[in-house]
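In the order they appear, the protein sequences are chains D and E. Read in my numbering, the first sequence has 65 at position 65, and its numbers run on one by one without any break. Numbers in my numbering are just positions in the second sequence, counted from 1, shifted up by 130. For each residue, glycine too, the CB sits at the ideal point set by N, CA and C.
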Amino acid sequence: MSDEMDMEEGGTIKKFMFVNRKAPYGTIYALESLEVVLISAAFEQDVSLAFIDDGVYQLMKNINTDGIEMKSFSKTYRALEGYDIEKLYVERESLEARGLSEDDLVVDVQVVGAAEMADLMNEQDVVLSF
Amino acid sequence: MATVNIAGKDVELDEEGFLTNLADWNRDVAEYMAKEEKVDMTESHWEVIDFLREYYDEYQIAPAIRVLTKAIGKKLGPDKGNNKYLYELFPYGPAKQACKIGGLPKPTGCI
């Protein structure tokens, strides 16, 4: 993995953004993204996460997965801080369109408008979409 | 996949010896795993195992070693929250060995 991503020899730190656009369950994208984010933390890169569209549901409080017989991974977002991943951006328009606010989320985030989100994406060296 | 009998109970393990069903865990299972890993369990070992299990309960993942070290330092003090101390307890990798003994999955990102 290290050669592909050019992170050897304590190399340069790149800005990575993981963009999450899908609802947490029903597809594997959200969980896969979260796992890649946790793994990427080992490489000590500058990591940020963006939550847009249905991706904002990933951070919602009180998700009950009993009915679909899957393990809920909501709590795992709270572990990100311990991994020094503290830049979580949530798009305001996506929250509002779904009748959600910051209080409905399991972690502290920065709510940004679509234009600001676009600027943040522009600053990245690598953007990975899930 | 293999089934072993631990203290009269059939327990399923994956190909690396981790518990398949996390609910199967108990102290007998931990002692069995520890023996397989050639770890002699002491109070200090249990302290790390208990910590890991609490961490898992709170976050639903097994932490990476760097995160484990930091979190243990915060909770149990800097003399325990360092690699040297944890590697002395679990020579073949604290995160991996302690997770196995603690009945947790392999840490995410652990290869």
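Run of the beta strand (DSSP E) containing residue i, from where it starts to where it stops
i               : result
Q110 of chain D : 110-112
S129 of chain D : 126-129
T133 of chain E : 132-136
E91 of chain D  : 87-91
Neighbourhood of residue i by C-beta distance below 7 Å, restricted to the same chain and skipping five residues each side
i               : result
Y29 of chain D  : K22, F130
T76 of chain D  : L34
I241 of chain E : Per-residue confidence for I241 of chain E stands at a pLDDT of 49, beneath the threshold of 50, marking its modelled position as unreliable; the derived number appears in the next sentence. Nothing listed; no residue qualifies.
K205 of chain E : F181
Y186 of chain E : A192, L234
T244 of chain E : Residue 244 of chain E falls outside the range modelled here, since chain E spans only 131 to 241, and no answer is possible.
F148 of chain E : K230, P235, K236
M70 of chain D  : Y25
Y83 of chain D  : L38, A41
V134 of chain E : V141, L143
E102 of chain D : V109, V111
CB-CB length for residue i against residue j, believed under 8 Å
i               : j               : result
P208 of chain E : L216 of chain E : Between L216 of chain E and P208 of chain E the Cβ distance is about 12 Å, and since that is not below 8 Å, they are no contact.
L234 of chain E : S174 of chain E : With 8 Å as the limit, L234 of chain E and S174 of chain E do not qualify as a contact, their Cβ atoms being about 18 Å apart.
L120 of chain D : V112 of chain D : 7 Å
L49 of chain D  : K87 of chain D  : 7 Å
E184 of chain E : M171 of chain E : Actually they are not in contact, since the Cβ atoms of E184 of chain E and M171 of chain E sit about 18 Å apart, beyond 8 Å.
S72 of chain D  : I85 of chain D  : S72 of chain D to I85 of chain D, Cβ: 20 Å. No contact.
L59 of chain D  : V107 of chain D : 6 Å
V56 of chain D  : L95 of chain D  : 5 Å
R98 of chain D  : Y189 of chain E : So it is not a contact: roughly 25 Å between Cβ atoms.
Simplified DSSP state of residue i, which is helix, strand or coil
i               : result
Y222 of chain E : coil
I241 of chain E : Per-residue confidence for I241 of chain E stands at a pLDDT of 49, beneath the threshold of 50, marking its modelled position as unreliable; the derived number appears in the next sentence. Here I241 of chain E sits in coil by DSSP.
V107 of chain D : coil
K139 of chain E : strand
L216 of chain E : helix
L234 of chain E : coil
M1 of chain D   : Note that M1 of chain D scores a pLDDT of 43, beneath 50, so its modelled location is shaky; the value from the coordinates is reported in the next line. It is coil, neither helix nor strand.
V159 of chain E : helix
Element boundaries [alpha helix (DSSP H), containing residue i]
i               : result
E102 of chain D : No alpha helix (DSSP H) contains E102 of chain D, which DSSP labels as neither H nor E.
Proximal residues to residue i (C-beta, below 6 Å), its chain only, five neighbours per side dropped
i               : result
D158 of chain E : I136, A137
T150 of chain E : E142, D144
F16 of chain D  : Q45, V47, V126
I39 of chain D  : none
M163 of chain E : K230, I231
E4 of chain D   : Low per-residue confidence applies at E4 of chain D: pLDDT is 49, beneath 50, and the placement is therefore not dependable enough to give any value.
D54 of chain D  : K22, A23
Other residues of its chain near residue i: CB distance less than 8 Å, five sequence neighbours each side excluded
i              : result
E81 of chain D : V107
In the region 4-85 of chain D, which residue ranges form an unbroken alpha helix (DSSP H) of at least 4 residues, counting only runs that do not cross its ends?
Counting only runs of 4 or more residues that sit fully inside the region 4-85 of chain D, the alpha helix (DSSP H) segments are 29-40, in chain order.
In chain order, each alpha helix (DSSP H) run of at least 4 residues that lies wholly inside the region 162-198 of chain E:
173-189
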